[in-house]
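2 protein chains.
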Amino acid sequence: MDDSLFRALADPTRRKILELLTEKDRTAGEIAEQFPMAFASVSHHLSVLKAADLVATEREGQFIRYRLNTTVFQEVVRYFMTRFGGEKDA
Amino acid sequence: MDDSLFRALADPTRRKILELLTEKDRTAGEIAEQFPMAFASVSHHLSVLKAADLVATEREGQFIRYRLNTTVFQEVVRYFMTRFGGEKDA
DNA sequence: GACATATTTAGACAATTGTATAAATATCTT
DNA sequence: AAGATATTTATACAATTGTCTAAATATGTC
């Protein structure tokens, strides 16, 4: 289990970004305008999420669209279930 | 979902501690001797885990025994399942 | 009480991180 | 190609974090 994954999840802004992407895919700008901080700061958070493979991107003209990489989340769940789950259906 | 929980999980030493506690409950000293760092440093990690409610302690004479708080792990799993799970049985 | 063992707490310091501003890159429109 | 929009990259800096050593606290033994 990659260290970058847990470090990426450690920041509340990044977790909020992930939750936004749960609803629907969004461009960097659409994501950034949800936060009070500078666009560049959000962009940095996006790069951290991407480095952790939690999100994927696709260019659409001028825009860059972000989407969740649900595969990695399933790995996270599996990590916790196998190591710490204990119960069969927690 | 508490911020301290994810921050606590972000450090590899702390995740290793949690995995050690999966096998069996251990005293602070038994945990600390598994790591190359100073005892005080491990003790600090233990305090972070405790603040996040990931572990619980019980004094046994001179010793302090640590154990996993599995309830919190189930909450973590539930967090990921509900928000990002997508599939019914990931 | 004095000493040994187990553990935590305090203080210091280097490394990492989150944020900001400014500059750079990419695409689109004219 | 020039200008507008979208986004990232570079640089700087304050805040947080991980580790260390030293000191403090708690328990057990003599």
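The listed protein sequences derive, respectively, from chains X and L.
If you count by my numbering, then the first sequence holds residues 1 to 90, one letter each, in order.
If you count by my numbering, then the second sequence holds residues 101 to 190, one letter each, in order.
Even glycine gets a Cβ: it sits at the ideal position worked out from N, Cα and C.
Owing to the predicted nature of the structure, the values given are computational and were not obtained by experimental measurement.
**Phe180 (chain L) classed as buried or exposed, judged by whether at least 16 other C-beta atoms fall within 10 angstroms** = Phe180 (chain L) counts as buried, since at least 16 other C-beta atoms from the protein chains shown sit within 10 angstroms of its C-beta.
**Per DSSP, the bridge partner or partners of Arg26 (chain X)** = Beta-bridge analysis with DSSP links Arg26 (chain X) to X:Tyr66.
**Item:** Same chain, Cβ closer than 6 Å to Phe163 (chain L), five either side skipped, listed in chain order
**Value:** Closer than 6 Å at Cβ, skipping near neighbours: Thr127.
**Message:** Please identify, using Cβ separations under 7 Å, the residues of the region 35-69 of chain X that lie next to chain L, in order along the chain.
**Reply:** Those would be Leu68, in chain order.
**Asked** Does Lys88 (chain X) come within less than 9 Å of chain L when only Cβ atoms are used?
**Response** Since pLDDT at Lys88 (chain X) reaches only 44, below the 50 mark, its modelled position is unreliable, and no value is offered.
**Message:** Is it buried or exposed, Phe139 (chain L), if we count other Cβ atoms within 10 angstroms and call 16 or more buried?
**Reply:** With fewer than 16 other CB atoms across the displayed protein chains lying within 10 angstroms of its CB, Phe139 (chain L) is exposed.
**Asked** Using a C-beta to C-beta distance shorter than 8 Å, which residues of chain L count as neighbours of Arg26 (chain X)?
**Response** Residues of chain L with a Cβ closer than 8 Å to the Cβ of Arg26 (chain X) do not exist; the shortest Cβ-Cβ separation is about 15 Å.
**Message:** What does the alpha-carbon distance come out to for the pair Val172 (chain L) and Glu30 (chain X)?
**Reply:** Straight-line Cα distance between these residues: approximately 33 Å.
**Prompt:** In chain L, what lies closer than 7 Å to Leu9 (chain X) by C-beta?
**Reply:** Listed along chain L are Phe106, each with a C-beta nearer than 7 Å to that of Leu9 (chain X).
**Message:** Quick check on Arg7 (chain X): buried or exposed, where buried means 16 or more other Cβ atoms within 10 Å of its Cβ?
**Reply:** Arg7 (chain X) should be labelled buried.
**Request:** Please say whether Phe84 (chain X) and Leu149 (chain L) have beta carbons closer to each other than 9 Å?
**Result:** It is not a contact, given that the beta carbons lie outside the stated cut-off.
**Message:** For Glu75 (chain X) and Thr170 (chain L), what's the separation of their Cα atoms in angstroms?
**Reply:** One C-alpha to the other measures close to 19 Å.
**Message:** I need the straight-line Cα distance from Tyr166 (chain L) to Leu120 (chain L), nearest angstrom please.
**Reply:** The straight-line gap from Cα to Cα measures roughly 10 Å.
**Item:** Whole-angstrom distance between Arg78 (chain X) and His44 (chain X), CA atom to CA atom
**Value:** His44 (chain X) and Arg78 (chain X): Cα-Cα distance of roughly 28 Å.
**Asked** Using the beta-carbon of each residue, which ones in chain L are nearer than 8 Å to Glu19 (chain X)?
**Response** Arg183, listed in chain order.
**Prompt:** Can you tell me where the alpha helix (DSSP H) with Ala40 (chain X) in it begins and where it stops?
**Reply:** Secondary structure note for Ala40 (chain X): its alpha helix (DSSP H) is the uninterrupted segment Phe39 to Ala51.
**Message:** Starting from Arg159 (chain L), trace the beta strand (DSSP E) in both directions and tell me its first and last residue.
**Reply:** Start and end: Val155 to Glu160.
**Prompt:** Which residues in the same chain as Ser104 (chain L) place their Cβ atom closer than 7 Å to its Cβ, once the five residues preceding and following it in sequence are excluded?
**Reply:** Answer for Ser104 (chain L): Ala151 and Ala152, listed in chain order.
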